[in-house]
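In what follows, a single structure is set out as structure tokens and then discussed.
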Amino acid sequence: MSAAIELREIKKSFGNIPILRDINLSVAQGERHALIGPNGAGKSTTFNLISGYFAPTSGSVLLRGEVISGLPPYQINRRGLSRSFQVTNVFANMSVWENLRCAVLWSTGQRYAFWKNVDNLPEVRERTAQILADIHLTKRRDVPAGLLTYAEQRALEIGITVAGGADVILLDEPTAGMSHAETERAVALIRRLTEGRTLLIVEHDMSVVFGLADRISVLVYGQIIASGTPEDIRGNPKVKEAYLGEEAA
Amino acid sequence: MSEISTTVAPPLPTATEKLQFYGMWAAAAVVLVLLPHVFGSGGSLTTFSLIGISIIFSLSYNILLGQTGLLSFGHAVYYGLGGFLVIHAINIIGANKLPIPLPVIPLIGGLTGLFFAVLLGWVSTQRSGTAFAMISLGVAELIASSALILRTFFGGEAGVSANRTKLFKIFGWSFGPQIQIYYLIAAWTLIAVIAMYALTRTPLGRMCNAVRDNPERVQFVGYNPHVVRYLAFCFSGFFAGIAGALAAINFEIANSAYLGAQQSGTVLFAAYIGGIGFFIGPIVGAIFVTILSLGLSDLTQVWQLYFGLIFIAVVLFAPGGITGLLMMHRPLVKAGTLRQVLPSYLHALVPTLAMIAGLVLAVETIVHYTVNPGDDSHIKAFGIPFDAASPLIWAISAVLLVGGFLVARKDWVRIREAWDRAGSIEREKDVTA
């Protein structure tokens with residue numbers, strides 16, 4: 248069985264500055280994989296390459312064995328890969344309901360339909376309601392997304408990401424800026440919503456990473472220096488030296 | 011229907027709500043039918059006809075600006091081309107005695123607008139923001155200048171004219187009298203408004219809003235924002251073409267002014283002053299701007315200057331437009347605290363009006379000295395005669411302007427305080443409810 252996501256000899260430079268140098272990464276189907284590393288290591292750039300925001304300078308990205316690098320983001324999304332953003336990226340003037348519904352429309356085959364009433368589509372209603380309940384924002388259904396609290400916006404961000412039913416989910420620092428209690432709730436939410444799907448997550452909170460991930464890859468200066476189970480990573484001397492330090496050991 | 015969509019999803023409209031909704035459209039139709047019986051003079055029929063055309067045009071513009079976040083400076087292109095094609099179509103149909111009646115002719119205008127939007131839109135809708143605005147301006151200049159060069163089609167300065175009464179007649183209507191043209195325009199206005207409203211309720215209409223709010227995120231939920239913008243542009247061109255066609259039928263002429271920058275500017279004014287954030291905003295704006303431009307042009311020579319001042323005031327102080335100002339009061343009405351802010355409005359009205367009067371006096375005096383310095387200084391503005399050469403008038407103007415501003419400024423603060431009080435009561439009610 249081919250891997251859910253595979254990165255082959257990925258290089259990415261902006262101008263003359265290399266950001267990623269020779270990334271090889273494989274995420275198996277159904278695996279929860281965390282990508283960790285210091286600031287500026289290239290984690291967000293890796294996400295942007297996988298999701299189609301940028302094309303790699305060289306190398307290729309494969310989704311279930313098919314090359315997707317070079318495709319625009321919406322085509323990659325239609326093939327079943329969805330991502331969230333580190334900085335909340337929602338439709339600020341639209342209600343929570345509308346936000347989630349927009350994320351459901353394409354996957355229910357509505358395309359650019361201008362002959363259907365959007366309120367009379369049972370499948371769209373059903374799926375939107377399901378996601379709304381899943382992210383616990385039922386009471387905030389009609390509030391414009393821009394007026395939600397930070398934690399609620401982060402939940403909505405995850406909701407939009409999973410709403411289309413993609414089976415490969417990329418989450419970029421989903422718990423950044425959250426309190427301890429909020430983080431716990433967010434992790435439970437992520438665990439539930441990504442059940443049976445493939446998850447690649449960038450995260451700085453090590454308790455989240457070690458609690459959630461089946462496998463971990465460590466990215467330092469544009470290179471993956473280690474990839475393995477949480478135990479492997481915890482015991483890896485190179486990782487200790489470069490990133491985790493003594494306190495995590 | 012499963013449990014979750016009945017308990018969590020927004021409730022579907024009840025039978026009563028549906029009835030209310032369709033009743034509203036039916037009521038609008040009745041009003042349109044009865045309007046000429048209440049205001050039957052030729053002047054008001056002409057005004058109503060112009061308002062109808064302006065409503066369609068403004069709403070078509072708002073598909074771009076309000077719904078999709080595309081600021082166009084060249085929307086008159088699709089209006090104008092629709093108008094020209096319709097004039098030629100009427101002439102060809104009339105000359106060949108084709109069995110096509112006048113009421114379906116606006117469709118030709120719509121299809122013309124659609125055709126050119128399909129043709130010109132793909133490149134310009136690649137990007138929103140500045141790039142789109144600049145390309146729209148460039149295309150508008152290109153078409154407007156070709157209108158003066160390609161004389162065979164556009165008829166040069168004079169334009170091209172047609173006789174609308176020469177067409178195949180149905181129900182014995184010749185469409186000569188203005189009342190028949192009024193009904194033609196009213197019917198098309200109602201159809202176009204309903205169609206454009208329905209468009210906002212479709213998956214495409216919802217994605218237009220999403221593209222307006224955040225085109226980047228749209229790409230990551232499977233939609234190509236370029237295609238969404240392009241389709242919005244095509245619909246917008248179609249309805250603009252219908253508006254242009256109705257204008258051409260109404261005046262029986264199309265000339266280069268139809269395509270020009272001023273026409274593009276006026277529709278931006280109307281949509282923005284009415285309020286681009288609401289579906290009815292451009293309708294309100296179209297009514298307001300049409301009546302104001304007809305009224306002001308009789309009262310003062312520099313009506314466009316006042317127009318500009320109103321536009322600036324709306325942009326600065328009421329970015330939601332007239333509709334936005336009215337909608338702001340809805341929560342207060344619901345909470346029953348509207349009465350608390352009304353006195354502060356009345357209080358502010360007097361000094362604000364004084365300030366405006368001072369401004370008008372100053373403007374008209376300056377206009378007299380700069381535009382018509384040789385004329386008699388006893389001039390008339392807004393029906394009120396005064397002597398522009400009198401130092402007393404200058405002093406009154408200065409006192410009204412400065413004094414009015416100083417007093418009004420304090421009253422504006424008072425309005426804000428009244429609002430804060432009314433708002434906090436409303437919030438408390440919210441909490442206890």
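Heads up: the protein sequence lines correspond to chains A and B, in order. According to this note's numbering, the first sequence holds residues 248 to 496 in order. According to this note's numbering, the second sequence holds residues 11 to 443 in order. Idealized CB from N, CA, C, for every residue including glycine. Keep in mind the model is a prediction, meaning the values are calculated, not measured.
(request) Could you name the residues of chain B that A/Lys363 contacts, counting a contact when the two beta carbons are closer than 8 Å? (result) Thr212 and Pro213
(request) Give me the Cα-Cα distance between A/Ser291 and B/Thr140, rounded to the nearest whole angstrom. (result) 28 Å
(request) Please decide whether A/Ala308 counts as near chain B, where near means a Cβ-Cβ distance under 8 Å. (result) The residue you asked about is not Ala; residue 308 of chain A is Val in the sequence shown. Output row for A/Val308: interface = no.
(request) Note down, in chain order, all residues in the stretch 299 to 332 of chain A with a beta-carbon under 9 Å from any beta-carbon belonging to chain B. (result) Closer than 9 Å at the C-beta level to chain B, one finds these residues of the stretch 299 to 332 of chain A: Gly299, Tyr300, Pro319, Pro320, Tyr321, Gln322, Ile323, Asn324, Arg325, Ser329, Arg330, Ser331 and Phe332.
(request) Measure the C-alpha to C-alpha separation of A/Thr335 and B/Glu226 and round it to an integer number of angstroms. (result) 12 Å
(message) Which residue wins for smallest C-alpha separation from A/Ser454, given the options A/Pro477, A/Leu440 and A/Leu436?
(response) A/Pro477
(request) Tell me, please, which residues DSSP counts as bridged to B/Trp183. (result) B/Ile180
(message) Between the alpha carbons of A/Val274 and A/Ser329, how many angstroms are there, rounded?
(response) 15 Å
(message) Residues of chain A with CB closer than 7 Å to the CB of B/Phe230, please, in chain order.
(response) Ser298, Pro320, Asn324, Ser329 and Arg330
(request) Could you give the DSSP three-state label for A/Gly469: helix, strand or coil? (result) coil
(request) For B/Asn72, decide whether its Cβ has a neighbour in chain A, counting only Cβ atoms nearer than 8 Å. (result) Not closer than 8 Å to any Cβ of chain A, the Cβ of B/Asn72 fails to qualify, so no.
(request) Rounded to whole angstroms, what's the CA-CA distance from B/Ala86 to B/Phe248? Just pull it up for me. (result) Our two residues, B/Ala86 and B/Phe248, have alpha carbons roughly 12 Å apart in a direct line.
(request) Output the residue ranges of the beta strand (DSSP E) runs that lie fully inside the stretch 340 to 396 of chain B and measure 3 residues or longer, sorted by chain position. (result) Restricted to the stretch 340 to 396 of chain B, the beta strand (DSSP E) segments that are unbroken, complete and at least 3 residues in length are 388 to 391, listed in chain order.
(request) Find the residues of chain B that neighbour A/Asn340, judging by a C-beta separation of less than 7 Å, and give them in chain order. (result) Asp223
(request) Alpha carbon to alpha carbon, how far is A/Thr441 from A/Thr498? Give it in angstroms, no decimals. (result) Look at the range of chain A in this structure, 248 to 496, and you will see that residue 498 of chain A is not part of it.
(request) Go through the stretch 128 to 180 of chain B residue by residue and report every complete run of the beta strand (DSSP E) that reaches 3 residues or more, in order. (result) none
(message) Is there a Cβ of chain A sitting closer than 8 Å to that of B/Ser246, yes or no?
(response) no
(request) Hey, could you find the ends of the alpha helix (DSSP H) B/Gly331 is sitting in? (result) Unbroken alpha helix (DSSP H) run through B/Gly331: Gly331 to Met338.
(message) 8 Å is my cut-off, CB to CB: does B/Tyr88 come that close to chain A?
(response) no
(request) May I ask you to report which of helix, strand or coil DSSP gives A/Asp269? (result) strand
(request) With DSSP collapsed to three states, give me the class of B/Lys420. (result) helix
(message) Output needed for B/Tyr379: all residues of its chain with C-beta closer than 8 Å, excluding positions within five of it in sequence on either side, in chain order.
(response) Result list for B/Tyr379: Ala398, in chain order.
(message) For a contact defined as C-beta to C-beta under 7 Å, what are the partners of B/Val18 on chain A?
(response) Ala376, Leu379, Ala380 and Thr385
(message) Does the stretch 47 to 66 of chain B come into contact with the stretch 241 to 261 of chain B, if we say contact requires no fewer than three beta-carbon pairs (one atom in each stretch) closer than 8 Å?
(response) The stretch 47 to 66 of chain B vs the stretch 241 to 261 of chain B: in contact.
(request) Whole angstroms is fine: what's the gap from A/Tyr468's alpha carbon to A/Arg438's? (result) 29 Å
(message) 8 Å is my cut-off, CB to CB: does B/Asn219 come that close to chain A?
(response) yes
(message) Quick check: A/Ala433 and A/Thr422, are their CB atoms within less than 8 Å of each other?
(response) yes
(request) Could you check the C-alpha separation between B/Ile103 and B/Leu45 for me, to the nearest Å? (result) 32 Å
(request) Note down the Cα distance separating A/Val486 from A/Pro285, rounded to an integer number of angstroms. (result) 11 Å
(request) Determine whether the Cβ of B/Leu80 lies closer than 8 Å to any Cβ atom of chain A. (result) Not one chain A Cβ lies under 8 Å of B/Leu80.
(request) Using beta-carbon positions only, say whether A/Val351 and A/Ala410 come within less than 8 Å of one another. (result) yes
(request) Kindly list, in the order they appear in chain A, the residues whose Cβ is closer than 8 Å to that of B/Ile14. (result) What B/Ile14 touches in chain A: Glu373, Ala376, Gln377 and Ala380.
(request) Pull up the distance between the alpha-carbon of B/Trp132 and that of B/Ser354, whole angstroms please. (result) 51 Å
(message) At a CB distance below 7 Å, what residues from the stretch 275 to 308 of chain B approach chain A? Give them in sequence order.
(response) none
(message) Rounded to the nearest angstrom, what separates A/Val371 and A/Ala251 at their Cα positions?
(response) 27 Å
(request) Give the DSSP-derived three-state secondary structure of B/Pro111 in the structure shown. (result) strand
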